[in-house]
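Chains R and X are the protein sequences, given in the same order.
Taking our numbering, I'd label the letters of the first sequence as residues 1 to 114.
Taking our numbering, I'd label the letters of the second sequence as residues 1 to 114.
Here's the structure we're looking at; comments come further down.
There are 2 protein chains.
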Amino acid sequence: MGNKSKLFKALADKNRLRILKMLEVRPLCVCEIREILNLANSTVSQHLAILRKSGFIYEIKDNKWVNYYLNKRSTDDVVYALLMIIQSKSFDDDVYRKDAEQVHLVDRNILCRL
Amino acid sequence: MGNKSKLFKALADKNRLRILKMLEVRPLCVCEIREILNLANSTVSQHLAILRKSGFIYEIKDNKWVNYYLNKRSTDDVVYALLMIIQSKSFDDDVYRKDAEQVHLVDRNILCRL
DNA sequence: CCTTCATTTCGCCATATACCGAAATGTCAA
DNA sequence: TTGACATTTCGGTATATGGCGAAATGAAGG
């Protein structure tokens, strides 16, 4: 329903696509994403809010961190289909591969201080 | 390859989505689209250029008109999958339905003068 | 070659978006 | 309650985008 272009707007940003591809590897907190994308915490937080409002991700608070998850079981057909595309083999890029490696390396207990 | 966000940017506009949904009904020229969207010819032309450069549509010149077609047989997996979503039953809206009606009614021989 | 007419390109303006740092918020543990 | 720390919200700025009208382009016919 509503405004379909809003869904595509959420995906129409290089950094937000990188975030979704990283969440494909595992759930992440803001500071882990900040470290990999090399952006300000506030900027990452904004991107996550946009992806969450569109239904592509959801959050679960855990201790002092907020973990963000890829919403693989979205009940919105369009969101679900879009996430399938983004997770498909064809949706690939050097940047995404490098980010995925970083996701395995980052440790929130070391890097998280503003 | 290249910049995946560019594909989503092309779809991240209300009027460009309306154009794709109208082309689902039948090929159209610039002035028919202008009439339905109520935009300037130059604006429609820009939107079509963006959709064409991303591979969602193609053009075939016919007499004095340029006809734009939905590129249903795109060889780019991602473009193909995105067009499938846009053509799916779930991708619906009152605006798209009204536009589709208009597409049946417009006659380029009557309305085309700048 | 000249005219006509659909379309595209250009220059400009208003709004939307991405980004940052600073301040506010929220949560946990001392 | 207070302090520490992850996150979000706020205010501001630079760039990107969508819109228009005018001028340029291109194709068809006289």
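Beta carbons are placed, not taken as given, at the ideal position from N, Cα and C, and that holds for glycine.
None of these values were measured; they are calculated from a predicted model.
**Asked** Listing by chain order, which chain R residues have their CB less than 7 angstroms from the CB of A12(X)?
**Response** S5, F8, K9 and A12
**Asked** Roughly how far, in whole angstroms, is the beta-carbon of C29(X) from the beta-carbon of V79(X), given that I think they are within contact range, below 8 angstroms?
**Response** Between V79(X) and C29(X) the Cβ distance is about 23 angstroms, and since that is not below 8 angstroms, they are no contact.
**Message:** Among the candidates R34(R), K4(R) and L20(R), whose CA atom is the shortest distance from the CA of D107(R)?
**Reply:** R34(R)
**Proximal chain X residues relative to L37(R), where beta-carbon distance stays under 7 angstroms** = Going along chain X, no residue has its Cβ under 7 angstroms from L37(R), so there is no contact; the nearest lies around 14 angstroms.
**Request:** Within the same chain, show all residues whose beta-carbon is closer than 7 angstroms to that of R16(X), passing over the 5 residues directly before and after it, in chain order.
**Result:** A10, H47, I50 and L51
**Message:** Between F91(X) and chain R, is the shortest Cβ-Cβ distance under 7 angstroms, so that the two count as touching?
**Reply:** yes
**Request:** Answer yes or no: do S5(X) and K14(R) have a C-beta to C-beta separation smaller than 7 angstroms?
**Result:** yes
**Request:** On the DSSP bridge assignment, give the partners of D62(X) in chain order.
**Result:** W65(X)
**Request:** Go ahead and label E101(X) buried or exposed: buried means 16 or more other beta carbons lie within 10 angstroms of its beta carbon, across all protein chains shown.
**Result:** exposed
**Message:** Given a cut-off of 7 angstroms on the beta-carbon distance, is the pair F91(X) and N71(X) in contact?
**Reply:** no
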